[in-house]
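Using our numbering, the letters of the sequence shown correspond one by one to residues 161 to 1099.
Built from N, CA and C at the ideal position, the CB exists for glycine as well.
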Amino acid sequence: MFAFLSCCMASQLQKTLLCATLLLLLLLLPRALLVKASLGSQGRALLHWKATLRSPQSLRSWNLNSSPCNWTGVTCNYPVAGRGRSAITEISLPNMGLAGPLDALDFSTLGSLLRLNLSYNQLGGAIPPAISALSRLVSLDLTSNQFTSKIPVGMGSMKELRFLSLSQNQMVGAIPPSLSNLTGLVSLHLKDNKLEGVIPKELGRLHELMYLDIGIGNLIEVTDLILSTNLLTGPIPSSIGNMTKLNILYLLDNQLSGFIPHEIGNLIKLTDLALFKNLLSGPIPSSIGNMTKLTKLGVYNNQLSGSLPTEINNIHGLTYLVLSNNSFSGYLPPNICKGGALQFLILEMNNFQGPIPTTLKNCTTLERVRLENNQLTGDVSQCLGVYPHLSYMDLSFNQLSGTLSPDWARWHNLTFFRISNNNITGVIPTEFGQLTKLGELDLSSNYLQGEIPKSFGSLTLLYNLSLGNNQLVGQVPLEFGMLSNLELLDLSSNNLAGRIPDELGKCTKLRSLKLNNNNFSGTIPLAIGNLVYLQDTFDISHNSLTGEIPSQLSKLVMLQSLNLSHNSLLGHLPSSLTYMTSLSTVDVSYNELDGPVPDSPAFRRAPAEWFAHNNDLCGVVRGLPPCVSLGTPTKDDRSKRHKVVVIAIIASVVFFLLLFIIIAAALRFHKRKKPPVPVDDNHIKEGAFSILNFDGKDVYKDIIEATEDFDAKYCIGSGAYGSVYRAELASGELLAVKKIHLPDTEGTCDEKPFQTEIQTLTQIRHRNIVKLYGFCSSPRRKFLVYEYMERGSLGSVLRSETAAELDWVKRLSIVKDVAQLAYTMRLTTQCDVYSFGVVTLELLMGEYGEVLISILSSSPINDSFVKDVLDRRLSVPEGQVADEVVAVLSLALRSVDNHPESRPTMKQVSDKLCVVRTPPPNLPSIDALKFSDLMTVEI
């Protein structure tokens, strides 16, 4: 019995042990399988490579029993929420004693790798071309190994690389040009190898490059080294002196610092040296005198200092010497043009002292000379000669003396001459009128005497004439009226006298006119009102001008600063000055003015000092007394006289109004009684045809002949109201002629639209509106004559490929100009704002007419992305420009709302466009913005 029980118990124990063993195996087997499965292709590739290495003791953790993510030097990215599989992103094994080749590693399995660091080991052989399979790699460091191959060309396809170091190996061959494809590369290290050949010029494309270490001292065969326009930092290595075969060295436009190395003088074959636009400091080394073949030396825009080495006189072939914007001091080299080849001498913005070298007088090859902003002294008439090729000369802001030489009139190619802020005396030579190519002449702030030469009238290309702050006398030459290209005229602070000539009104391109601080007398010429482009300044203060301020000044709608102070001007300030909406400063103090100050923002913001010391000015300016109503009796005699004047004016107006009504009635009666008579075009009445600056009758005939009586072949555009023709007159003048469509029944044409267009166009003064020259009105023909615009209208530009030239900034500017024009022309109805909206949408969307209307009327437009509807000939706007485009687009859509009462007024539009607009912060970016989102933009 006991034996039976013992047998049964033993049997039960064996079964239990067997079950436990099987259970343990079942638990361990999946884990073993899981570890093996977790190796994947990446782990197997790394283990295969490990097997080819010698002394891989440091890689003991690399085995089949653990995941690669737990191996030494291996980093993985882990899947989120257990989804997907982990992948190796970094292998970092520096200084691990690894030895062997790299070609046993299957790079194709490591597509997820971002960083690979195998530096400071004993890896050797070739860098396998297959390494280019690491397409996501951003950092590759193979520094200090024993690689002996060429740099693989395929590395140029690893376009994500930011850091590449192959330094301290035994790499051979040339640097492959394909490395220039690594446009995001920030740091490139190739030093201490056996590389040879030229440095590819294509490396200049690496505009993100900040650190370049290529061991240039070993590249002794290189002839051209061009690494310009990058972000290279640090000093220029002294080993550059080993590159003795260099002809060209361009390191310009980087952030190089430190001294120019003395060893640079070893480059005796160098012809071009460009180190400008860096942070270099210290002096130019004296060894530069060894570079006797140098023809171009440019080191401007650095922090260089000290005197120029005397050895620079050894360089006789210099054609280009540019040292500007540094801190050089001392004297200019005495033999600076000894070789007779110097063309460009650019030394401005330094601290050079002493005279201009006399050897420069015979340097007839000079084309461009800039010595301004130094401390040069001496007699300029003794050191400057005749330069037949000279186009640019600037000697301003020095301490030069002497007189202006008549011989300088033989600088026949001169376009720019400035010698302001010196100590020049004597008179202005009459011979200067022979400098017919001159565009800018600045003789200001000297001690010049005598009169302004009348010969200046021959300088028809002149756009800037500055003679201010001298001791000139006499009158302004009437010949100044011939300077049709003049934009800036400064005659201030002299002793000029007489009247301001009416001829200045012919200088219609003037943007700034300064005649202040002289002895001018008489009245302000009415012709000043013709200077509609005056924008910066009109200053006639501190003279002896009399009379009233002409209302014609109100035409200067672009003017920002007006100064009429310190004269003897009388009467009221013209109320029409309110149209000068661009004014920011206006000073009429120290005159004899009275009456109300015009009510406009410029006057309301002005301080009382700008109106002080007059008779009885009153009105909106803080500090001035309020104006007394004309209907309120006062005890002041002046007020009584004002009433008399007002009554007389009212009576005169009533009289002439009645006279006009009588004449109009008589003419109307005469027209009804008399049948229409055909008008002979050869006998057009004077009043029926008016052309600015032309004889009306002659131009009428010329237009008929030039268009062959409006033949269709001269038609360049047509619309519902008329057709436009191109007319080239016999004189060569180009005109655009808009012929109005007349009704079939002669004599029944409604004159009102034609007269309205003429009245409107004659009031417009805007840079984006074509200029109206004149008009013709007869029973047979009615047409308008405009300035001919070679490139056509805005619509024609938008329909052509040249629309790409109108970038977003220009288009936004046009929108603002259109709004400003519409408001200032009093176009404030919802109908007019609708037109503004259409024009704005045409500009932003690049569509025109019916196409635009069909797009706006389509129902899916609200679901469209804004970027897809904008003009695709331009790239999608970014940053602040994108914000402005969104704001303007929203404003335009509100302006074409189907419900007129929902549209803004033109004043609201103009006010909104006067400030930089930014959309609400919760609005999507322009890439994700839909049309429906635009309705949330608050305007």
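I need the straight-line Cα distance from L454 to A896, nearest angstrom please. 56 Å
By a C-beta neighbour count over all protein chains shown, 10 Å radius and 16 as the cutoff for buried, is R941 buried or exposed? Flag for R941 reads buried.
Who are I400's beta bridge partners in DSSP? I400 is not bridged to any residue.
Inter-residue Cα distance where the pair is G136 and L646: Because the chain spans 161 through 1099 in this model, residue 136 falls outside it and cannot be assessed.
Could you check whether P443 and G466 sit closer than 8 Å to each other, using their CB atoms as the reference points? yes
Please return the same chain residues whose Cβ sits closer than 7 Å to the Cβ of L345, not counting the five positions on each side in sequence. L321, R322, L324, L366, E368, L369
DSSP state of P756 mapped onto helix, strand, coil: strand
Which word fits S725, buried or exposed, when buried means at least 16 other C-beta atoms lie within 10 angstroms of its C-beta? buried
Is the beta carbon of S338 closer than 8 Å to that of V313? yes
Candidates V993, R1033, S1092, L966: closest to V1026 by CA position: S1092
Taking all protein chains shown into account, decide if D1071 is buried (16 or more other Cβ within 10 angstroms of its Cβ) or exposed. With fewer than 16 Cβ atoms within 10 Å of its Cβ, D1071 is classed as exposed.
Confirm the yes/no value for this check: CB of L326, any heavy atom of the ligand PLP, distance under 7 Å. Looking for the ligand PLP in the displayed structure turns up nothing, as the structure carries no ligands at all.
Between D797 and the rest of its own chain, which residues show a CB-CB distance below 7 Å, the 5 nearest in sequence each way excluded? Residue confidence for D797 is low, a pLDDT of 43 falling below 50, so the modelled location carries little weight; the figure read from the coordinates is stated next. If we look at D797 and ignore the five residues flanking it on each side, it has no Cβ neighbours.
Helix, strand or coil: which one does DSSP assign to D841? Bear in mind that a pLDDT of 40 at D841, under 50, signals an unreliable position, so the model cannot answer this.
How big is the Cα-Cα spacing for N1055 and V1046? According to the sequence displayed, residue 1055 carries Ser and not Asn. Going by the C-alpha atoms only, they are around 14 Å apart.
Kindly indicate which three-state DSSP category F1025 falls into: helix, strand or coil? strand
Let me know the secondary structure DSSP gives P312 once reduced to three states. coil
With a CB to CB cut of under 6 Å and the five nearest residues on each side skipped, what residues in its chain are close to H349? Answer for H349: S325, S327, D373, listed in chain order.
To the nearest whole angstrom, what separates the beta carbons of G233 and I248, a pair I think is in contact under 8 Å? Going by Cβ atoms, the distance from G233 to I248 rounds to 10 Å, so no, they are not a contact pair.
DSSP three-state call for A569: helix, strand or coil? helix
Helix, strand or coil for D776 per DSSP? strand
Sequence-distant residues of the same chain with beta carbon closer than 7 Å to T989, five excluded per side: Confidence at T989 is low in this model, with a pLDDT of 46, below 50, so the placement of that residue is unreliable and no value is reported for it.
Top-ranked residue by Cα proximity to L520, from N510, L492, K456, M509: Nearest Cα to L520 within the set N510, L492, K456, M509: L492.
Would you be able to state if there are at least three C-beta pairs under 8 Å between the region 562-573 and the region 503-520? no
From I1086 to R1033, what does the alpha carbon distance come to, in whole angstroms? 17 Å
Using CA coordinates, which residue listed in T590, V459, G284 is at the minimum distance from L258? Cα-wise, what sits closest to L258 is G284.
Which of the three DSSP states, helix, strand or coil, is assigned to C236? strand
M1066, enclosing beta strand (DSSP E) - first and last residue: Run containing M1066: none in the beta strand (DSSP E); it sits in the alpha helix (DSSP H), 1066-1073.
Look up F616 in the DSSP assignment and say whether it is helix, strand or coil. helix
Verify whether the separation of the beta carbon atoms of V757 and G731 is less than 8 Å. no
Taking the alpha-carbon positions, what's the L722 to N495 distance? Approximately 51 Å between the Cα atoms of the pair.
One question on the structure: do S714 and L737 come within less than 8 Å of each other, judged by their Cβ atoms? yes
Between L733 and I700, is the Cβ-Cβ spacing less than 8 Å? No, they are not a contact pair.
Going by DSSP, what residue range makes up the beta strand (DSSP E) through G434? Per the sequence presented here, residue 434 reads as Ala, with Gly not at that position. Counting along the chain, the beta strand (DSSP E) containing A434 begins and ends at 432-434.
Identify which residue in E639, R530, L932 has its Cα closest to the Cα of L481. Out of E639, R530, L932, the CA that lies nearest to the CA of L481 is found in R530.
Uninterrupted beta strand (DSSP E) stretches inside the region 605-652 (no shorter than 3 residues): 624-626, 648-650
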